[in-house]
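Going by full-length UniProt numbering, the letters in the sequence shown line up with residues 1 to 131, in that order.
For each residue, glycine too, the CB sits at the ideal point set by N, CA and C.
Written below as structure tokens is the structure these notes are about.
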Amino acid sequence: DSSYHASVAWEGIVKLRSQVRQLEISLQEERQQHGCTRREREAAKAEVREMNMQQSLSKTVGNRQQMEYIRNVFRKFIETCPLGSAEHEQMIFVLMTFFKFPDDDAKAVNKKRLQAKSQGGLWGTLTSWKG
């Protein structure tokens, strides 16, 4: 009878050891899966960061191009605009500062405006026209 109990106890121990091995294998598989998932998450985060940087760069380039276009349109406009009141000239100065015109460019624009005034320019022709 004691050998029977020993045999049953031994079978129980063998079953428990088998369950422990299965649980250890499952645990190892879960750890591997967790590691893969963590690496995939980090790769996805890196990709999102890269995409955000590219999008930001694209917006910056687009904004720069738009600002340059507006600046050029403004330049053409003021080059043909007649000299005006002190307040008008002050606004032009403020806008040239806003558009970050280099001093040389600002001087060149003012020179063109002065030449246009001395020659009458298109504005002078239009305002003196009697039609």
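Length of the line joining the Cα atoms of residue i and residue j
i, j, result
"residue 42", "residue 54", "18 angstroms"
"residue 44", "residue 52", "12 angstroms"
"residue 131", "residue 80", "With a pLDDT of 46 at residue 131, under the threshold of 50, the predicted position of this residue should be treated as unreliable, and no value is reported."
"residue 133", "residue 33", "This structure gives no information on residue 133, because the portion of the chain shown stretches from 1 to 131."
"residue 71", "residue 99", "6 angstroms"
"residue 114", "residue 76", "14 angstroms"
"residue 24", "residue 31", "10 angstroms"
"residue 110", "residue 88", "13 angstroms"
"residue 61", "residue 22", "58 angstroms"
"residue 101", "residue 56", "25 angstroms"
"residue 8", "residue 17", "14 angstroms"
"residue 47", "residue 19", "41 angstroms"
Assigned secondary structure, residue i (DSSP; H/G/I helix, E/B strand, else coil)
i, result
"residue 99", "coil"
"residue 62", "helix"
"residue 1", "coil"
"residue 35", "helix"
"residue 83", "coil"
Integer Cβ distance of residue i from residue j, believed to fall under 8 angstroms
i, j, result
"residue 59", "residue 82", "Wrong, their Cβ atoms sit about 38 angstroms apart, outside the cutoff."
"residue 86", "residue 96", "The Cβ separation is near 15 angstroms, so there is no contact."
Cutoff 6 angstroms; reference residue i; Cβ partners in own chain excluding five residues on either side
i, result
"residue 92", "78"
Residues near residue i in its chain [Cβ-Cβ closer than 7 angstroms; skip 5 each side]
i, result
"residue 74", "95 and 99"
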